[in-house]
């Protein structure tokens, strides 16, 4: 750390946090406004076709839907500060509890997707940069282009059909086989919970079920990572000091790994934020297809049923997570690169 | 007095452009993209009148394989897949361009105001931009679409609202960097008004990054809109929208893979085309910003 | 020096550790397989879209999946056996007697000796508690006891530990009450257990959402939302499950996922096959394709208010002539529907199988001309998203209807919307033409009769702004008529009236396709949607 840099860093962090809080407040306001533009009656949504008018009215009163908007917003904000995101009109359960229940499934899937994305994207990008303008480069670029343009939900449908139904190589939708009882929930990550419950069969089963959705979800991110790694490496490899090091006779491999990669890691970092965004988006579009009980499927079901409290809850949480990740990335960026100033 | 210099700067744009266009055509990726786009435009504009109706049902030939009567087979209601995909192309391309232009205009206005007015305006507008950028695009678009209700117009509004912040930031960055440049000071010293400075000097110089962004934006808008269509928002049945088509036919993937794969591949091809063009434009116009 | 020593020490040690772990893992993977096989044999796995499940509290649950599960966790006083929905049979009540009283009637039930899963005996006090809590909770299904059976807190009494008496006012029909009590709302729970888990006067509802305290053949093991519901057999139950020890309801939202899982044997029963897949399953010797009945009705609602497009009854008749019901049932449903045109579902006493409207577009056009619309007219057509009854996507059905109507000159402009929004518009009497489904709240002709024919009930007739005093009177009298043959005659009159001038064009009465593995025997789903898991075995 530079002399006196510590204070500047602290001020920077505080400013960014304050900014984030402000942005999130704006987000809650926007979300609240959006959700009250709705033409549908949430009472009818929750109680269904056959409910009588008195039940609907009871529901409205119970959920405060008959009070003026400003009052509703004040109540909402008050509850928010207590961590109460309201009650889902569809599941009739507290949204915070719903999210807590569904979040680990998405977390587990996302972690696997990230692993796949890095395992595929990084080496591919590296090879592409090292064999610039030759066959591997071209193939990597085609992969990156197609990966970035494919509708991920179709990839999911196709992958399931080919690898599960036709070839039988990988298991189908769900986190474990249908006839298995899930291990008692400790972390919410079935793999870890299975290990904790000394159940190796379910552990292996859970891992196998993670492969296909993980690959599909990681595909877009892998494409992104390939492009970024390739361009970052190309930039660095073209730099004078690399050529100098090579001219000096340093072994090629050492040059690449020690200097090039470390310096290329910076621009690669910048893409982490969008990686996270694409993973969230992918989760929303593919969890239903994989019968994956995560946040993405919850968001889709809520949006389709016009369950606005739930939609608002998920959007807020997604916004919070996304902002945090971006903040983290920016801080890492600042921490990594001594040349960047953040006054 | 004002007309002549404006014409001169406009003309200079074109002369620059011509060599830009030539450079673009030497870029292999961009060529592929342009060819692909041309094919899609032909399909969208010329095919529909030649093919049968995308709405006509023929329950007797549901889910039939590609044949001479139906070049790409039929869907679950016996409707011609090729016709539906071609008509869907018109819809998606139109949507992509409209959304891009709308978000461009909004972003332009916001970015210019922020950059030129500075101070409190800048802070406020940038915070507004931050709010919209605090979410992954699809999630915000989904929330907005769910609020407004399922319709093509509402999806367009949602996606435009999600896309404009990028333009705003881009323009503002351009404005801020160009403000420092000497020729702006010189122009101001000569007494030119802010607005004129903006139009005559800032805009032409901002075209490059805007064009690149616009190209990617069209592809991204189409992809997001198709995603929303897949979930159930967007153009209502029986209107042929690509994302909705993939969703409607997904349960028939084993018996009739062509029904869902054709619209999916169409989405892929379209987004790919715009991404390739965008890449090419970036290589040619702004190679430093890779 | 130091480094090499520790390296040599750690290398073999770590290698053998790795080997041991692998060996253990290998053994662990192979050994449980044997016991897993027998466990698999006594586990019934059902794959389906169970996302409508909100709670497993029998007094609150109102959705299809909720009823399916609570029917196996709790016993009702009386029930239906197998597919026969015409006669109510003893369940927790070994016998009962209906007697008229000054104010109406009275049903006295004698309870059999039974035990809850908690070990406590089932007493009359539990029955009283169970009924009273439903009335007090004002849940979505409470109206069945309060509005239809007209019961209040205090209407149900327990003169001794195994007798329960229901006092029913004149305005309710004791036969309907008996039918109502077969519903999950009549499920009897362990009052001591519920009281022990009471919070804020909720009668234990929060706890009962995902815990069970019943005397039924199964106990709730767990409910992982959006993932699975697991039931274990209840050793204390009198309806003991001999062959199936565990039932797993696995959430599988995609029909194609269910199909693949059936083919690979991963699940034993699939709940949501599409008509096409069902057809394919019919020819598959490894599967059993069951066409189970429902009391559902897919129909078009035509707004008959003044100024609305369907004000003239001739236009409504025209629509009935214009719809190609056979085409819908044959092609879209692949035979998974019954052609019906009257408002009481087939299978219930009082239903009318008459089909007065043949597919006649020419006649429809003539009627349009007679009503002053020779060039047809435009109308907004409200349709839901998702899947419609019978497993057919709503938009496909709507597209077919639109096409049929277009052939006679009615230009229907489809407006697809989420169910919530659709219902809002419908309830507000703002839907000019709507495609919906209806299911009677209880297995009795009145379950459809009153809502569809009586404008005063503020149900379907009201939503379509169709007010016919003769129909209302018929519906009301038939509801309380105790003499069965008189009742059937009244319903014949009612159905004939409605089919001529009512605001409905009934599309079909769907079958619910259920596909099971060939080894599954004893699987019966009755028209109510009940499945008795304890009767199932896997050969």
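Protein chains in written order, with my numbering: chain A, 35 to 377; chain B, -11 to 278; chain C, -5 to 533.
Ideal placement from N, C-alpha and C gives every residue a C-beta, glycine not left out.
query                                                                                                                                                         : result
Does the segment 430 to 440 of chain C touch the segment 340 to 347 of chain C, meaning 3 or more C-beta pairs lie closer than 8 Å?                           : yes
Check whether chain B comes within 8 Å of residue 304(A), counting only Cβ atoms and requiring the distance to be less than that.                             : no
Grouping DSSP H, G and I as helix and E and B as strand, with all else coil, what is residue 260(C)?                                                          : coil
Using a Cβ-Cβ distance under 8 Å, would residue 256(C) count as near chain B?                                                                                 : no
Under the DSSP definition of a beta bridge, which residues are partnered with residue 109(C)?                                                                 : 115(C)
Within its chain, find whatever has a CB closer than 6 Å to the CB of residue 161(C); leave out the 5 residues flanking it on each side and keep chain order. : 100 and 149
Name the two residues that bound the continuous beta strand (DSSP E) containing residue 292(C).                                                               : 291 to 296
Under 8 Å: do the segment 214 to 223 of chain C and the segment 189 to 198 of chain C share three or more Cβ pairs, one atom per stretch?                     : no
Taking DSSP as the reference, what is the three-state secondary structure of residue 160(C)?                                                                  : strand
Grab the span of the alpha helix (DSSP H) containing residue 135(A) for me, first residue to last.                                                            : 129 to 164
Give me the residue from 163(B), 90(B) and 164(B) with the minimum Cα distance to residue 141(B).                                                             : 90(B)
Output yes if chain B places a C-beta closer than 8 Å to the C-beta of residue 321(A); else output no.                                                        : no
If residue 79(B) sits next to residue 223(B), beta carbons under 8 Å apart, how far is it from one beta carbon to the other, in whole angstroms?              : 6 Å
For residue 232(A), is the classification buried or exposed, using 16 other Cβ atoms within 10 angstroms of its Cβ as the cut-off for buried?                 : exposed
Does the CB of residue 260(C) have a neighbour CB from chain B at under 8 Å?                                                                                  : no
Can you pull the chain C neighbours of residue 241(B), defined as C-beta to C-beta under 9 Å?                                                                 : 250
Do you know offhand how far residue 203(B)'s Cα is from residue 266(B)'s?                                                                                     : 5 Å
What residues in its chain sit with their C-beta under 6 Å from that of residue 373(C), if we drop five residues either side in the sequence?                 : 303, 406, 426 and 427
What is the residue span of the alpha helix (DSSP H) that residue 237(C) lies within?                                                                         : Premise fails: residue 237(C) is in no alpha helix (DSSP H) and is neither H nor E.
I'd like to know if residue 377(A) contacts chain C, where contact means its C-beta is closer than 8 Å to some C-beta of that chain.                          : Per-residue confidence for residue 377(A) stands at a pLDDT of 41, beneath the threshold of 50, marking its modelled position as unreliable; no derived number is given.
Roughly how many angstroms separate the alpha carbons of residue 397(C) and residue 159(C), rounded to a whole number?                                        : 56 Å
Mind checking whether residue 532(C) and residue 514(C) have CB atoms under 8 Å apart?                                                                        : yes
My understanding is that residue 39(B) touches residue 70(B), with C-beta atoms under 8 Å, so please give their C-beta distance in whole angstroms.           : 6 Å
What number of angstroms, rounded off, separates the C-alpha of residue 191(A) from the C-alpha of residue 234(B)?                                            : 10 Å
Please state whether DSSP places residue 16(B) in a helix, a strand or coil.                                                                                  : helix
For the segment 180 to 193 of chain A, enumerate the residues whose C-beta is nearer than 9 Å to any C-beta of chain B, in chain order.                       : 180, 182, 183, 184, 185, 186, 187, 188, 189, 191 and 192
Given a limit of 7 Å on CB to CB distance, which residues of the segment 133 to 152 of chain B reach chain A?                                                 : 134, 135, 136 and 137
Could you please give the first and the last residue of the uninterrupted alpha helix (DSSP H) stretch that includes residue 88(A)?                           : 87 to 96
Please identify, using Cβ separations under 9 Å, the residues of the segment 241 to 269 of chain B that lie next to chain A, in order along the chain.        : 241, 242, 245, 248, 249, 251, 252, 253, 255, 256, 257, 258, 259, 260, 261, 262, 263, 264 and 267
I need the straight-line Cα distance from residue 359(C) to residue 298(C), nearest angstrom please.                                                          : 19 Å
DSSP three-state call for residue 299(A): helix, strand or coil?                                                                                              : helix
Listing by chain order, which chain C residues have their CB less than 7 Å from the CB of residue 224(B)?                                                     : 408, 409 and 410
Output yes if chain A places a C-beta closer than 8 Å to the C-beta of residue 211(B); else output no.                                                        : yes
Run down chain B in chain order and give the residues with a C-beta less than 7 Å from the C-beta of residue 252(A).                                          : What residue 252(A) touches in chain B: nothing, since even the nearest Cβ is about 16 Å away.
Pull up the DSSP beta-bridge partners for residue 411(C), would you.                                                                                          : 378(C)
Would residue 379(C) count as contacting chain A if we go by Cβ distances under 8 Å?                                                                          : yes
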